[in-house]
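So the protein lines, in turn, are chains A and B. So the first sequence is residues 9 to 155, counted in the working numbering. So the second sequence is residues 58 to 564, counted in the working numbering. The beta-carbon is built from N, C-alpha and C at its ideal position, and this holds for glycine as well. These numbers were taken from a predicted model, which means no experiment stands behind them. Have a look at the structure below before the remarks.
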Amino acid sequence: MKKIFIHEEYCMNCRLCEVHCIVQNSKTRNIIKAYKGEYPKPVPRVLVEEQGYLSFALQCRHCEDAPCLEACITGAMRRDPESGAVLADEERCVGCWMCIMVCPFGVISRNVEGKRVISKCNLCQGEEIPVCVKNCPNEAIVFEEEK
Amino acid sequence: MAKGKMTPEFKVLRDMEKCVSCQVCHRLCSNDAHLYDPDTGVVTSEDSRCVGCHFCESLCPTGALVIRRNPSEIKLNALWSGRALEDISRQSTTGGVLLTGMGNDRPFPVYFDHLLLNASQVTNPSIDPLREPMELRTYLGGKPDRLEVKEGQKPEEVLKSFLASQIPLETPILFTAMSYGSISLNAVKSLAMAAKEAGTLWNTGEGGLHPDLYPYGPHLVVQVASGRFGVHKEYLEAGAAIEIKIGQGAKPGIGGHLPGEKVTEEISRTRMIPAGTDALSPAPHHDIYSIEDLKQLIYALKEAVRYRKPVGVKIAAVHNVAPIASGIVRAGADFVVIDGLRGGTGAAPRVIRDHVGIPIELAISVVDQRLREEGQRNRASLIAAGGFRNSADVIKAVALGADAVYVGTSALVALGCHVCQKCYTGKCNWGIATQDPYLTKRLNPEIGARRLVNLLRAWSLEIKEMLGGMGINALESLRGNREQLRAVGLAETDMKILGVKPAGEAW
Numbered sequence: 009m010k011k012i013f014i015h016e017e018y019c020m021n022c023r024l025c026e027v028h029c030i031v032q033n034s035k036t037r038n039i040i041k042a043y044k045g046e047y048p049k050p051v052p053r054v055l056v057e058e059q060g061y062l063s064f065a066l067q068c069r070h071c072e073d074a075p076c077l078e079a080c081i082t083g084a085m086r087r088d089p090e091s092g093a094v095l096a097d098e099e100r101c102v103g104c105w106m107c108i109m110v111c112p113f114g115v116i117s118r119n120v121e122g123k124r125v126i127s128k129c130n131l132c133q134g135e136e137i138p139v140c141v142k143n144c145p146n147e148a149i150v151f152e153e154e155k
Numbered sequence: 058m059a060k061g062k063m064t065p066e067f068k069v070l071r072d073m074e075k076c077v078s079c080q081v082c083h084r085l086c087s088n089d090a091h092l093y094d095p096d097t098g099v100v101t102s103e104d105s106r107c108v109g110c111h112f113c114e115s116l117c118p119t120g121a122l123v124i125r126r127n128p129s130e131i132k133l134n135a136l137w138s139g140r141a142l143e144d145i146s147r148q149s150t151t152g153g154v155l156l157t158g159m160g161n162d163r164p165f166p167v168y169f170d171h172l173l174l175n176a177s178q179v180t181n182p183s184i185d186p187l188r189e190p191m192e193l194r195t196y197l198g199g200k201p202d203r204l205e206v207k208e209g210q211k212p213e214e215v216l217k218s219f220l221a222s223q224i225p226l227e228t229p230i231l232f233t234a235m236s237y238g239s240i241s242l243n244a245v246k247s248l249a250m251a252a253k254e255a256g257t258l259w260n261t262g263e264g265g266l267h268p269d270l271y272p273y274g275p276h277l278v279v280q281v282a283s284g285r286f287g288v289h290k291e292y293l294e295a296g297a298a299i300e301i302k303i304g305q306g307a308k309p310g311i312g313g314h315l316p317g318e319k320v321t322e323e324i325s326r327t328r329m330i331p332a333g334t335d336a337l338s339p340a341p342h343h344d345i346y347s348i349e350d351l352k353q354l355i356y357a358l359k360e361a362v363r364y365r366k367p368v369g370v371k372i373a374a375v376h377n378v379a380p381i382a383s384g385i386v387r388a389g390a391d392f393v394v395i396d397g398l399r400g401g402t403g404a405a406p407r408v409i410r411d412h413v414g415i416p417i418e419l420a421i422s423v424v425d426q427r428l429r430e431e432g433q434r435n436r437a438s439l440i441a442a443g444g445f446r447n448s449a450d451v452i453k454a455v456a457l458g459a460d461a462v463y464v465g466t467s468a469l470v471a472l473g474c475h476v477c478q479k480c481y482t483g484k485c486n487w488g489i490a491t492q493d494p495y496l497t498k499r500l501n502p503e504i505g506a507r508r509l510v511n512l513l514r515a516w517s518l519e520i521k522e523m524l525g526g527m528g529i530n531a532l533e534s535l536r537g538n539r540e541q542l543r544a545v546g547l548a549e550t551d552m553k554i555l556g557v558k559p560a561g562e563a564w
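Spelled out as structure tokens, the structure:
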């Protein structure tokens with residue numbers, strides 16, 4: 009399957025991936041409205057980790073052996089048979105946060121919209137390329153077939 | 058602290074309707090021109106810190122930022138311009154030599170802009186480069202005075218004369234000397250990768266050759282400059298050609314100075330000097346005080362590589378450029394590089410950059426003419442450098458007599474440079490003229506090389522179109538063919554030196 013790969017040596021920590029992720033997961037998908045008109049502001053599903061000059065954008069790795077799938081008590085977390093992506097069904101999620109506890113990458117977070125559900129990268133289902141990759145100005149994250 | 062006397066050079070205009078306080082500008086500006094206040098959640102700007110590199114503008118996701126020249130204007134005065142005042146103000150504050158980067162930015166006449174190309178009409182056919190073969194291949198290196206052949210079957214049996222080593226270039230555009238140190242390793246990698254793919258050459262400058270870059274040796278000109286940094290056996294053998302650097306167009310007559318802060322561990326290894334020490338290139342080569350001394354170095358280098366690689370000499374275009382170039386060819390150089398008034402630099406005193414040297418157009422013309430008159434033009438290739446902005450400049454240089462051109466600034470602009478002239482600060486936001494690990498990673502060499510290859514491809518296609526229009530199917534046929542050029546708005550003496558007729562005059 010196609011996954012997002014990181015070239016941390018070219019990540020400049022601009023965090024445009026976060027910005028565009030916020031927009032993609034907003035109601036209006038308009039950057040100015042998403043930032044200025046939506047409360048609470050959507051949370052980005054990609055986060056740039058940084059230490060010194062090392063930085064990289066991290067989102068769900070869509071693990072082959074995904075612990076969140078095992079941990080989910082309601083079956084909300086499932087693997088999409090077509091794309092191979094690990095997706096969360098917000099209708100089924102009860103907000104037990106077990107997936108957050110077991111995720112080895114810390115890339116699942118709580119949704120802030122008041123609903124007790126989790127929020128995670130869904131590889132921008134419906135888009136050809138995830139928006140974080142599309143908008144990375146330095147190609148520090150790429151969407152490629154797994155080698 | 059006494060307050061400075063000048064207003065900021067730039068103004069950061071932030072459209073607050075559009076600014077979403079995403080802080081991209083705040084996070085990235087190496088000059089700290091954008092400030093974020095966590096209490097109010099608002100991003101503001103400090104105009105006086107802006108250098109006008111436009112990096113923030115290019116990354117702002119909402120287009121909220123525009124960098125403008127500060128509209129604050131002093132009383133109009135043709136002599137005491139804002140710049141003249143600012144220079145005095147800066148110098149009376151610092152007491153130092155004004156430094157700058159990139160090439161001459163003063164409004165000297167650009168002769169290329171006064172030269173026009175010819176095209177075929179009716180009496181001679183033009184050529185469509187998309188349908189017919191068009192040759193841009195250029196061979197660098199000395200050519201024999203005559204070719205002697207004998208009977209035989211195979212090509213190597215037929216040729217009797219000795220042919221000096223030649224470097225084939227797929228396009229007459231080379232990347233000029235920019236050292237690892239003056240620019241980042243990622244910038245050097247971009248140039249190296251692009252040169253390899255486009256079939257042309259890149260140049261180490263005086264920075265030595267980083268171990269990662271040895272694979273790009275077949276497309277490399279290794280430089281031997283006055284500081285002799287990083288010169289050793291493997292270095293000389295790694296390149297396709299060797300270039301002795303005597304002078305640089307941006308700073309003729311003076312040496313180089315890479316400040317110790319820029320001499321990181323890796324640069325210290327590559328340059329073979331202790332980390333943190335200033336890398337000082339002396340103004341002259343201390344073993345070259347005459348053409349005879351130069352000849353010794355040329356032949357020492359030729360011996361060192363067993364005559365398998367061409368050895369050239371780079372000089373700045375100065376008043377005596379023609380006799381000097383003539384001497385260089387007599388001294389045995391296989392190619393001569395002339396760097397003109399508008400040649401760039403990573404750091405130079407501004408007064409030198411702006412006031413020393415002569416324009417490259419005139420230099421190409423007088424050097425080509427002199428070498429032809431002396432019957433030794435064939436003995437060396439002529440490479441012109443300094444301020445080539447587009448394919449028209451390149452083709453006009455070839456028509457004036459150059460074999461190929463070196464581009465530096467154009468290549469950097471392809472990598473993102475906005476010619477803010479702050480290379481000497483080492484804080485290049487585009488990740489080019491810096492060694493700061495926070496900044497160098499902003500230049501992804503894969504993207505850089507792709508853009509450089511595109512640039513060379515585009516220019517080459519345009520050169521082919523222009524050649525075809527003139528009814529010429531090989532670049533070699535244009536070299537020194539000044540009949541293809543006509544001058545507009547030039548004085549009689551300029552035209553005489555350039556060897557071109559005024560527009561309107563027939564063959």
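Tyr237/B carries a strand assignment under DSSP once its states are collapsed to helix, strand and coil. Bounds of the beta strand (DSSP E) holding Lys10/A are Lys10 to Ile14. In this structure, the beta-carbon distance from Arg53/A to Cys101/A does not fall below 8 Å.
When only Cα atoms are considered, Ile301/B and Thr233/B end up about 13 Å apart. Linking Glu208/B to Gly160/B through their CA atoms gives a straight-line distance of about 53 Å. Contacts with chain B at 8 Å (Cβ-Cβ) include Arg23/A. For the segment 129-155 of chain A, the residues whose beta carbon sits under 9 Å from a beta carbon of chain B are, in order, Asn143, Pro145, Asn146, Glu147 and Ala148. Neighbours of Arg499/B in chain A, taken as residues whose beta carbon is under 9 Å from its own, are Tyr18, Met20, Cys22, Pro145 and Asn146 in chain order. In this structure, DSSP gives Lys207/B a state outside helix and strand, which the three-state scheme calls coil. Positions of the alpha helix (DSSP H) runs, each at least 4 residues long and wholly inside the segment 366-395 of chain B, are given as 378-387 in order along the chain. Contact with chain A is absent for Ile452/B, since none of that chain's Cβ atoms lies less than 8 Å from the residue's Cβ. Contact between Cys107/B and Cys82/B does not hold, since the beta-carbon distance rounds to 11 Å and is not under 8 Å. Rounded to the nearest whole angstrom, the CA to CA distance from Ile330/B to Gly265/B is 11 Å. The Cβ of Ile14/A sits no closer than 8 Å to any Cβ of chain B. Residue burial annotation: Val100/B is buried, with at least 16 other C-beta atoms found within 10 angstroms of its C-beta. In chain B, no part has a C-beta under 7 Å from the C-beta of Val54/A; the shortest such distance is about 14 Å. Among the CB atoms of chain A, none fall inside 8 Å of the CB of Val470/B.
Where Ala441/B is concerned, the enclosing beta strand (DSSP E) starts and stops at Ser438 to Ala442.
Counting only runs of at least 4 residues, the segment 399-456 of chain B fully encloses the following alpha helix (DSSP H) elements, listed from N- to C-terminal order: 407-412 and 417-430. Around the CB of Thr228/B, 16 or more other CB atoms lie within 10 Å, so the residue is classed as buried. Annotation: the continuous beta strand (DSSP E) that includes Met85/A extends over Met85 to Arg87. For Lys359/B, the enclosing alpha helix (DSSP H) starts and ends at Ile348 to Ala361. In the displayed model, His91/B falls within a strand according to three-state DSSP. Residues of the segment 58-77 of chain A with a C-beta atom less than 7 Å from some C-beta of chain B are Tyr61, listed in chain order. The way I'd put it, the segment 469-478 of chain B doesn't touch the segment 178-185 of chain B; fewer than three beta-carbon pairs between them come closer than 8 Å.
By the neighbour-count criterion, in which 16 or more other beta carbons inside 10 Å mark a residue as buried, Lys35/A falls on the exposed side. Taking a beta-carbon distance threshold of 8 Å, Lys44/A counts as an interface residue toward chain B. Listed in chain order, the alpha helix (DSSP H) elements of length 4 or more contained wholly in the segment 303-352 of chain B are 322-328.
Where Ser517/B is concerned, the enclosing alpha helix (DSSP H) starts and stops at Pro502 to Gly526.
Counting C-beta atoms within 10 angstroms of its own C-beta, Phe219/B has fewer than 16 neighbours from the protein chains shown and is therefore classed as exposed. For Leu220/B, the three-state secondary structure derived from DSSP is coil.
Rounded to the nearest whole angstrom, the CA to CA distance from Tyr292/B to Glu418/B is 33 Å. For the C-beta of Pro268/B, not a single chain A residue is nearer than 9 Å; the gap to the nearest is close to 17 Å. In the structure shown, Ser183/B adopts coil according to DSSP, grouped into three states. DSSP places Pro138/A in the coil class of the three-state scheme, outside both helix and strand. For the segment 503-522 of chain B, residues whose beta-carbon sits nearer than 7 Å to a beta-carbon of chain A comprise Glu503 and Ile504.
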